[in-house]
Every structure is written in C-alpha cells, then in structure tokens.
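Accompanying notes for the structure given below.
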Amino acid sequence: MDETINAGGKLVCPGFVNTHVHASSQASEKIIADAGRPELMNCGFLNYLPVKGRDNQFSMLDLESPQVGGLFSLVNLLKSGSTTMVEMGGELGGRGGIEQFVHLCGEVGIRAYLSPGYGAGHWYYDSDTRLKSYWDEEGSLSDLRRARDFIKEYDGAYQGRIKGMLFPVETATSTPRLLEETRKAADDLGVGISIHNSETLLEFNQIVQTHGVTPVEYLWNCGLLGPDVILGHCLFTSVHSATTYSGGRDLELLAESGVTVAHSPLVFARRGMALESFQRYLNAGINMAMGTDTYPQDIIGEMRLASLVCKIVERDYFTGSSRDVFNAATLGGARGLGREDLGRLAPGAKADILIIDLQRPHFGGVKDPIRALVNCAVGDDVERVIVDGKTVVKDGRVVGVDQDRLMREVQAESEKIWAGFQQWDQQERSVDELSPPSFEFVDDLP
Ligand SMILES: [Zn+2]
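Numbered according to my numbering, the sequence shown spans residues 45 to 490.
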C-alpha cells in the first residue's frame, strides 16, 4: 500500500553505505579506551583480539553471543542511517557466528556484504605475555573454501539484500598464495574483496622487513588490487609521517588500481592517530568511502570527524568539506561495491532513503542541509530509514526490535565479557586493573 510521508523541513537523502563494520557488543573494544599495551604502537585491536596462548585457543570473542552483539550492531547501524554495511569477516562469537548473523541481517532489513573471514597468520599472547603469531596456510585455504561455500549459499538471499564478499581479514596475516587464491576466487564468484591494510605501524614494519615492500605494494605485487577491492583504513602508507618511508608510491598505486579506501577516523582518533590525509588521498584520485569500524556505529559522527581531522592534519579549513565526506558515505561506498543503484536518489536506484530531522534545537537555522548534517547532526536525528522501499526505522526505533530489552541484554552480555577478561589475560589482570574507573565508585555518600 502506498504511503505519503510529509518530510517538510527535513533532509531526504540516500541511505549511507558503510564499508567497514565489526558487528559485536563492542565490550572488548571499550575496555581499552584510555588504556592498553604501549608496545603495540597505539594499535587497538591487538589488545584484545589474539587468543590466549598457542595451545590455549581461548579468545575474548568466544564470550560473545552473536545474537545479542549482532543485533545490537544492526540496531545502531540502521538507526543512524547505514542502509548498507560491509561486515569485515564476521568474527563475532568465533566460528559459526556469521551463519546466525546473516539471518539477523535478513530479518531487520539491512543490506549486508558478508562471509566468514580468514587468515594464514594467527595472533596469540604467549606465557611470557608477548604478542606472537603462528602460520597455517593450508588452514586458511580451507577457510577460503568455506567462505566460497557460504557465498554460494547466501549471495542474493533476502530479496538480494545479502551479498557475498571475500575477507582475507588482515594484510599482516595473509601469505602471497592466500592473496592469489583470493583474487582467483573473487573473479570466479564475481564478488568483491575487503582486507585491512596499512592499519598498524607494526604491520607496516613487518611487511617492509619480511617482503621489502610497503603493505600497499605487497597487495599490488600479489595481484590483489582492483576496483572491486575495499581496503580498510590504509593509514600507515608511505606518505604517513610515522612510517618515515622515502620514495614511496602507495597513493599512486591505490589510485591506479581503482581500489576504495574505507575511512574510519574515530577508532584511530581514539588511539591518537590520523589519516594523512582524507583530502590528500582524494586529490591523488583515490575513491574514498566511510566506515564505522567498532563503536559507536554512527556514520554521521564519522563524517564529522573525517572533516575535522582532515582540517587539523592539513591545517587548512578548505579541506575535508562536508560535500566530500557526504559523497564518501554515499557514492564512494557504492562505487567500492560496484553498485550504481546505491548511494543516490535517482531513477533506477534502490529505494534506500533516509529522513533526517533538521528542525531539532541543536541545528539552529539551516542554510545548507549537508553542512548542517555534517557539522551538527547525530545518528539519533535520523527519523525514518527505508531500505528497498520498506520502512525499517520509524520514529528513531528499529521496526520489530524491542530495543529496551536488547539494551538490558547488551549490558548483561558486556558484564559477562568484562568478568571473563581476567581468564583471558596472560597477565591475569582484572578488567579494572587494565581499565581503572574514571572516578572511584562509592557505596554511600558521606
Ligand atoms: Zn576493521
């Protein structure tokens, strides 16, 4: 049945294409805010992602319920306007979580690019509490076959909203053979590829030391790069001041190969780091897209930070314009996925539409709705979200989801994960030792 919506005074725009997501409760990520291991050179995820010991494969992720963490992420993504998402390998809940997640995505109505991720290198903390890795290339090739089977089974499910994509999760844990087999499989299946690249200074140094090239050159040499590839982050490239790399050509290779960079400024800002810079990459001819990575899953917040951090890095307020970050969150992401029918409102495009209320007090007078959005909006200003012509968020709430109950479950789930931290940590610290409360909790006021 047709419905007439009065959106007077509101912004009607295409749904955002979120090209980098880790769906989970985010409980593990939250304990390293203002904390973590200095020897990781400001890296966040290696604080909690490795398993406890090569022989004791216990992972913090094993404590996650894909049902609770997955639904929590989907609610946040949809509520703040991400109508399409790329999940970076479905590590939630360890193996098997992705099969549950595909149905959650189908039921809440989001568009999702999914398959189980894989890697030949595996991170662990040894009994001496040092970060180490072991390699299992045969295992990763078997995981690639599992990803192919997953894609054959689910690509096109839920009226075409579920799509396959391959995720050799990290450049640092991929062998040349694994990357070559990934390229072959992607061509064979007709799907894209996404991989973290130039994400950490450790990775940059490791690839330079092991292969004598930068992480971007490494993927280029293995024949992986192309217009169907989305690279997560691409921050520590040859142009970044922290890599001190002379004569590099990373930006030229990224532009020439036609890859897309998924830019997630918030997770890096939290660790004191920044892309150098959004504008420099754009000017080099690289297709830029946006992603929310971990938390909060608010792509409007990411757009604002992308704009602000770019201006700070460049010391130039003409850079990182609202128009360019908005284009990254819409057309840039769509281009990375090879989808001319997403990221725009036009004849032939999918009916993925947002209605954003610009009449709330924090906007004040609105002259330019895109600048108002990027500079003043928060995810909660998204009033209605339509995916494929169907309303999935109405009055700021995801249709068919009991959000109050979900938030109680997320709190309980997070407390379970925090309680399990000591069991995982090789140093046997309590979660409060790692992450002391900002202020002391007291039982009674004097
Ligand atoms: Zn990531």
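For every residue, glycine included, the Cβ atom is placed at its ideal position computed from N, Cα and C.
Closest in alpha carbon position to Gly153, among Trp462, Gln455, Val445 and Glu384, is Val445.
Under DSSP, Ala156 forms a beta bridge with Met129 and Ile206.
Per DSSP, the beta bridge partners of Gly276 are His240 and Ala306. Around the beta carbon of Glu472, fewer than 16 other beta carbons lie within 10 angstroms, which makes this residue exposed.
Using a Cβ distance threshold of 8 angstroms, Pro220 and Ser242 do not count as a contacting pair. Comparing alpha carbon positions, the residue from Gly377, Arg383 and Ser321 closest to Ser365 is Ser321.
The closest CA to that of Tyr168, considering only Leu90, Gly114 and Met45, is found on Leu90.
Val213 and Asp231 have their C-alpha atoms some 18 angstroms from each other.
Selection Trp468, Ser474, Glu358 and Gln447 evaluated against Asp170 yields Trp468 as nearest (Cα-Cα). Annotation: the region 374-449 contains the following complete segments of the alpha helix (DSSP H) (minimum length 4 residues), in chain order: 377-380 and 413-420.
For Lys434 and Ile399, the gap between their C-alpha atoms comes out near 13 angstroms. With a cutoff of 8 angstroms on beta-carbon distance, Ile76 and Cys149 are scored as not near each other. No heavy atom of ligand 1 is found nearer than 7 angstroms to the CB of Met104. Under DSSP, the beta-bridge partners assigned to Asp337 are Val65.
Taking every protein chain shown into account, the CB of Glu131 has 16 or more other CB atoms within 10 angstroms, so this residue is buried.
A contact is defined here as three or more CB-CB pairs under 8 angstroms, and the region 247-261 fails this definition with respect to the region 179-190.
The beta carbon of Tyr289 is closer than 7 angstroms to those of Thr258 and Ser282 in its chain, skipping five residues each way along the sequence.
Following the DSSP letters along the chain, one finds Val56 inside the beta strand (DSSP E) bounded by residues Lys54 to Pro58. Cα atoms of Phe362 and His64: separation of roughly 27 angstroms, rounded to the nearest angstrom.
For Pro271, same chain residues with a beta-carbon under 6 angstroms away, outside a window of 5 residues either side, are Gly302 in chain order.
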